[in-house]
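Taking it in order: structure first as structure tokens, then the write-up.
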Amino acid sequence: MKEIKVFILNGFLGSGKTTLLKKMLNNFEEQKVAIIMNEFGKHDVDGILIADESINLKTVHNGSIFCSCKSDKFVEAMLILIKEEPDVIIVESSGLANPATMPKILETVKKLAGDQLSLAGSIGIFDATNIYKLIQTAYMTKQQIATSSVIILNKIDLATEEQIEKSIKAITEYNDMVPIIKASFCDLPFEVLDRHLRETNFLKNKRPVNQHTLGIQNILIDLPDKVNKEKLMAWLDTFKDEIYRLKGFFKDEASNQYLVEVINEQIIIQQKDIKTEDFLIVFAPPSSDFKNKIISRAKEVLDINIVLK
Amino acid sequence: MSKQLLFDAFRHKEVDRAPWVPFAGVHAGKLLNYTAKEVLQDENKLLESLLEVNKLYVPDGQPVLFDLQVEAEIFGCELHWAEDVPPSVKTHPLADTKEIPCKCLIPSEDDGRLPMILNVMRQMKEKVGDTTALYGLVCGPFTLASHLRGSNIFMDMFDDPDYVLDLVNFCMEVNKAFAKYYVEAGMDVIAVVDPLVSQISSDHFNEFLSQSCTELFAYIKELGAFSSFFVCGDATRNIEVMCQTKPDNISVDENINLLEAYKITKDYNIVIGGNIPLTTIMLHGTQQDNMKYVIDLIDEVDTGKNLIISPGCDMPYDIPIENTIAVAQAVTNTERTREIIKNYEVTETDIHVELPDYTKLNKPFIEAFTLDSATCAACTYMMDAANRAKDTYKDQIDIIEYKFTLKENIARCKKMGVKHLPSMYINGELKFSSIIPSKEELNSIIDSLL
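Each protein sequence line maps, in turn, to chains A and B. Going left to right, the first sequence walks through residues 1252 to 1560 as the numbering used here numbers them. Going left to right, the second sequence walks through residues 267 to 716 as the numbering used here numbers them.
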């Protein structure tokens, strides 16, 4: 089965998503491209794209692609486009889209059409003149920032230095790991974008914005006085890909104190010369199954009954 | 169907089972092959479709129209119409101006599609109002404000919060007017559907919406109706502030964990409703997936009160009818459905089922595959059709029912490749799947085989 790369373009109306889309099309000249558009904007793209018969365009109207009552149309659009065997599918989502629902949607598509899709990355395009305001009002902007593989801070030609600074500060508050590329008219070499993009996993790798407001659950785990370090790592390994982040302290059987973190599916353990209580804090998706899962795995792997709070 | 059950649930009484409310908006059209555009614009087609929903899905409550663009259209928003989804708003009359519309512009009952909608409401009340609670839906004040102003509203919240507050308050007055029209037309529940609530923080909800929504729900109560607050998307952070506006019910979609939401709403003695996934389960799942999902949901959340089972939101047009039938069965006959699932999961391969030799039949042979005609309405109708044919043709035909409640019948379904229930096979060929044949249709097929 041919691999199809999927790019997601996130950003508010007018931020420059369609401008970037047009530039990306230039870079994919040798490839077969399909597009899913999810917003009525001020720019009429259809006319421009229709002129290029090699591009297959599907539009999903009235509501964010990632809303539950619209995801069927997105899935339908994907299934139709996949049949045409494109090399690339670009999804231009609406400004109010919650990208955290994307994995579930893609999973549905995969179940119905086979495992052809490869998420090449999520590109956030934000307007330097107003993103620092929108973050405070349009809630999903935070999630879009948090799940972006790379961010284009656009319209810097129209923004003051103060606005640019506020925008960068606001963005890094919700994603301090994302590369931010400043641009006007999304004018940047595609190889720069390409270098920064990686397969995005929306439910992993990203710093949670606010555990109570994104539906993230915050689990506090009390650990016994001493645990076997290798067994602890083995236990963390069983769920490291299902959580946003983990941090805490433990002592091994020789009473050495350690700091443990799980970031981007990596388990990091550092010995520390401090005295502290032993506990873990886990930031995980709001699944009621998850707690049961880690309790049972602790029993199997660590051979202890952990207490969750 | 039990309107009283739904009313009891709204009154926070203990009930024998959670009420079932299918949000069949444009999907209602699918039952009679009408497009979304037809059922949202044509009075007769809408009424026919709603009655078919009532017949096949046996709801305790059902909406009359699920279209959040009715108000926007009256205010001059251009709509983009489609064949299988509700319309979408293309233009925003306040996009380039910060006017607050005059209260004199609040629509009357004669504006836009209101006359059509109110006529259908009255007729539904007359025809099914004794057995089924009827929902009138209004586009919530924040979403309506965004229809009028466009996405500029998110900048306005930062740059000019007073303006947003005034606009939202105006929209709330529109909601009150619509609520009054709908209640006078016989609606039992007024649902305030505000998807954009999932787009704002709790602080902004309190700043811009709390007061309006509280006033609106109090008004609906004064009108003598129940109120429902619908939200789409992940609005988990806003469930508590929504509760504080005192609706009778909050309805959520699959982006919110229903159990977690229930833990909040129960403290406010508010009914929680939801939230069967629309795409992964209702649209693309099997009947067994749908039954199992509902059973698991009931097992997880149902404590005997303050719960309504419904799809997460407006049902996609193309949801297989049999899937909704399966959901209805699971909600209204949970224990029986539990047995069906159990049998389905453990049906042994060594149950030997003998299929007739369809090439050597003496007479036309009707085989009706049902979930259970005793409890599933659609299945009852399918069997009625078969029984009527038997009354007409007597010994000239044979009929039989295979209920999915029996293991050997499950084995037969698997052997024959029966995918959906209820289905009618004649001489081994699938003729009707979920759709109940008319007398003429069925007789015509039988005649051709005699």
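In this text, a Cβ means the ideal position worked out from N, Cα and C, and glycines have one as well.
Exercise. Helix, strand or coil for M1484 of chain A per DSSP?
Worked result: Stepping through the first sequence from its first residue, residue 1484 of chain A is reached at position 233. Three-state result, M1484 of chain A: helix.
Problem set entry | Same chain, Cβ closer than 8 Å to N572 of chain B, neighbours up to 5 away in sequence not counted | Here the question's residue 572 of chain B lines up with position 306 in the second sequence. Correct list, in chain order: A275, H278, Y528, T531, K532, N535, I536, V537, I538.
Exercise. Looking only at its own chain, which residues have a Cβ that is under 7 Å from the Cβ of T651 of chain B, when we skip the five neighbours before and after it?
Worked result: Position 385 of the second sequence, counting from 1, holds the residue named residue 651 of chain B. Note on identity: in this sequence residue 651 of chain B is Ala, with Thr being the wrong assignment. Within the same chain, Cβ atoms closer than 7 Å to the Cβ of A651 of chain B are found at I702, P703, L708, the five residues on either side in sequence being excluded.
Exercise. Between Y323 of chain B and A594 of chain B, which are expected to be in contact by the criterion C-beta below 8 Å, what is the C-beta distance as a whole number of angstroms?
Worked result: Numbered from its first residue, the second sequence carries residue 323 of chain B at position 57. Numbered from its first residue, the second sequence carries residue 594 of chain B at position 328. With a Cβ gap of about 5 Å, Y323 of chain B and A594 of chain B count as contacting.
Problem set entry | Identity of the residue in B:V355, B:I564, B:V458 nearest V404 of chain B by Cα | Counting from one through the second sequence, the residue named residue 404 of chain B turns up at place 138. The residue with the shortest Cα to Cα distance from V404 of chain B is B:V458.
Problem set entry | Where the beta strand (DSSP E) containing F492 of chain B begins and where it ends | Looking up residue 492 of chain B in the second sequence gives position 226. Taken as a continuous stretch (DSSP letters only), the beta strand (DSSP E) holding F492 of chain B covers 492 to 496.
For this session: Compare the C-beta of Y1390 of chain A with all C-beta atoms of chain B and state if any pair is closer than 8 Å.
Result: Along the first sequence, one-based indexing puts residue 1390 of chain A at 139. Interface with chain B (8 Å Cβ-Cβ cutoff): Y1390 of chain A is included.
Exercise. Three-state secondary structure (DSSP) at Q1367 of chain A?
Worked result: On the first sequence, residue 1367 of chain A is found 116 positions in, with the first residue counted as 1. Of the three classes helix, strand and coil, the one that applies to Q1367 of chain A here is coil, per DSSP.
Exercise. Within the chosen definition, does the stretch 571 to 585 of chain B reach the stretch 1385 to 1392 of chain A through at least 3 CB pairs nearer than 8 Å?
Worked result: Touching, no.
Exercise. Listing by chain order, which chain B residues have their CB less than 7 Å from the CB of L1568 of chain A?
Worked result: The first residue shown for chain A is 1252 and the last is 1560, placing residue 1568 of chain A beyond what the model contains.
Exercise. Taking the C-alpha atoms as reference points, what is the distance between L298 of chain B and D362 of chain B?
Worked result: As a position in the second sequence, residue 298 of chain B is number 32, starting the count at 1. As a position in the second sequence, residue 362 of chain B is number 96, starting the count at 1. Cα to Cα, L298 of chain B sits roughly 42 Å from D362 of chain B.
For this session: Give me whichever residues DSSP pairs with F698 of chain B in a beta bridge.
Result: Position 432 of the second sequence, counting from 1, holds the residue named residue 698 of chain B. DSSP output for F698 of chain B lists B:M690 as bridge partner(s).
Problem set entry | Residue range of the unbroken beta strand (DSSP E) whose run includes Y401 of chain B | The count along the second sequence starts at 1 and reaches residue 401 of chain B at position 135. That run of the beta strand (DSSP E) goes 399 to 405.
For this session: Could you work out which residues of chain B lie near N1289 of chain A, taking near to mean beta carbons separated by less than 9 Å?
Result: Residue mapping note: residue 1289 of chain A aligns to position 38 of the first sequence, counting from 1. Result: empty, since nearest Cβ-Cβ is about 11 Å, beyond 9 Å.
Problem set entry | Bounding residues of the alpha helix (DSSP H) (the contiguous stretch that carries S576 of chain B) | Taking the first residue of the second sequence as position 1, residue 576 of chain B is located at position 310. Here S576 of chain B belongs to no alpha helix (DSSP H); instead the beta strand (DSSP E) covers 573 to 577.
For this session: Can you grab the Cα-Cα spacing for the pair V1513 of chain A / S1418 of chain A, in whole Å?
Result: For the purposes of this step, residue 1513 of chain A is taken as the residue at position 262 of the first sequence. For the purposes of this step, residue 1418 of chain A is taken as the residue at position 167 of the first sequence. Annotation: V1513 of chain A to S1418 of chain A spans about 28 Å, alpha carbon to alpha carbon.
For this session: To the nearest angstrom, report how far apart D1438 of chain A and K1309 of chain A are at their CA atoms.
Result: Here residue 1438 of chain A refers to the residue found at position 187 when the first sequence is read from its first residue. Here residue 1309 of chain A refers to the residue found at position 58 when the first sequence is read from its first residue. Approximately 25 Å, taken between the alpha carbons.
Problem set entry | Contact set for L1272 of chain A: own chain, Cβ-Cβ below 8 Å, skip 5 residues either direction | The residue you call residue 1272 of chain A lines up with position 21 of the first sequence. Beyond the five residues adjoining it in sequence on each side, L1272 of chain A comes within less than 8 Å, by CB distance, of L1260, I1286, V1296, I1341, E1343 in the same chain, given in chain order.
Problem set entry | Closer than 7 Å at the beta carbon, the chain B residues around T1352 of chain A | Here the question's residue 1352 of chain A lines up with position 101 in the first sequence. Ordered by position in chain B, the residues that pass the 7 Å Cβ test against T1352 of chain A are N521.
Exercise. Taking a cut of 8 Å between CB atoms, which residues from the stretch 545 to 569 of chain B lie near chain A?
Worked result: Here the close residues are T545, T546, L549, H550, E566.
For this session: Within the stretch 381 to 436 of chain B, note down every full alpha helix (DSSP H) run reaching 4 residues or more, in order along the chain.
Result: Segments of the alpha helix (DSSP H) lying fully in the stretch 381 to 436 of chain B: 407 to 415, 418 to 425.
Exercise. Interface residues of chain B around Q1387 of chain A at Cβ under 7 Å?
Worked result: Against the first sequence, residue 1387 of chain A aligns to sequence position 136. Neighbours of Q1387 of chain A on chain B, chain order: F424.
For this session: Compare the C-beta of D661 of chain B against all C-beta atoms of chain A and say whether one is closer than 8 Å.
Result: For the purposes of this step, residue 661 of chain B is taken as residue 395 along the second sequence, with counting starting at 1. Not one chain A Cβ lies under 8 Å of D661 of chain B.
Exercise. Closest Cβ-Cβ distance between F1541 of chain A and chain B: below 8 Å?
Worked result: As a position in the first sequence, residue 1541 of chain A is number 290, starting the count at 1. Cβ-Cβ to chain B under 8 Å: no for F1541 of chain A.
For this session: To the nearest angstrom, report how far apart S354 of chain B and P367 of chain B are at their CA atoms.
Result: Taking the first residue of the second sequence as position 1, residue 354 of chain B is located at position 88. Taking the first residue of the second sequence as position 1, residue 367 of chain B is located at position 101. Those two C-alpha atoms are separated by around 22 Å.
Exercise. Ordered along the chain, which non-local residues of its own chain (more than five positions away) have a Cβ less than 6 Å from that of T1451 of chain A?
Worked result: Position 200 of the first sequence holds residue 1451 of chain A. At T1451 of chain A the pLDDT is 39, less than 50, meaning the model places this residue with poor confidence and gives no usable figure here.
Exercise. Any C-beta of chain B sitting closer than 8 Å to the C-beta of L1363 of chain A?
Worked result: Numbered from its first residue, the first sequence carries residue 1363 of chain A at position 112. For L1363 of chain A, at least one C-beta of chain B is nearer than 8 Å to its own C-beta.
Problem set entry | Under 9 Å from the C-beta of H470 of chain B: neighbouring residues of chain A | Numbered from 1 along the second sequence, position 204 holds the residue referred to as residue 470 of chain B. Those within 9 Å of H470 of chain B in chain A are Q1387, T1388, Y1390.
Exercise. The stretch 635 to 668 of chain B: which residues have C-beta closer than 9 Å to a C-beta of chain A, in chain order?
Worked result: Per Cβ criterion, the list is empty.
Problem set entry | CA nearest to the CA of T671 of chain B, picked from B:D638, B:A643, B:L317 | Residue 671 of chain B sits at position 405 when you count from the first residue of the second sequence. Ranking B:D638, B:A643, B:L317 by Cα distance to T671 of chain B puts B:D638 first.
For this session: Look at I712 of chain B and A655 of chain B and say whether their C-beta atoms are less than 8 Å apart.
Result: Residue mapping note: residue 712 of chain B aligns to position 446 of the second sequence, counting from 1. Residue mapping note: residue 655 of chain B aligns to position 389 of the second sequence, counting from 1. Yes; because the gap between Cβ atoms is below 8 Å, this pair is in contact.
Exercise. Buried or exposed: T658 of chain B, going by 16 or more other Cβ atoms within 10 Å of its Cβ?
Worked result: Position 392 of the second sequence, counted from the start, is the residue given in the question as residue 658 of chain B. Counting Cβ neighbours within 10 Å, T658 of chain B comes out exposed, since fewer than 16 surround it.
Problem set entry | Within chain B, the residues that T1359 of chain A reaches when beta carbons sit closer than 7 Å | By 1-based counting over the first sequence, the position of residue 1359 of chain A is 108. Within chain B, the residues whose beta carbon sits less than 7 Å from that of T1359 of chain A are T545, T546, H550, listed in sequence order.
Problem set entry | Buried or exposed by the 16-neighbour rule on C-beta atoms within 10 Å, applied to Q1282 of chain A | Translated into positions along the first sequence, residue 1282 of chain A becomes position 31. It is exposed - the Cβ of Q1282 of chain A has fewer than 16 other Cβ atoms within 10 Å.
For this session: Determine, using beta carbons only, whether F341 of chain B comes closer than 8 Å to chain E.
Result: The structure shown contains no chain E; its protein chains are A and B.
Exercise. Three or more C-beta pairs closer than 8 Å, one from the stretch 440 to 453 of chain B and one from the stretch 498 to 513 of chain B: is that the case here?
Worked result: No contact exists between the stretch 440 to 453 of chain B and the stretch 498 to 513 of chain B.
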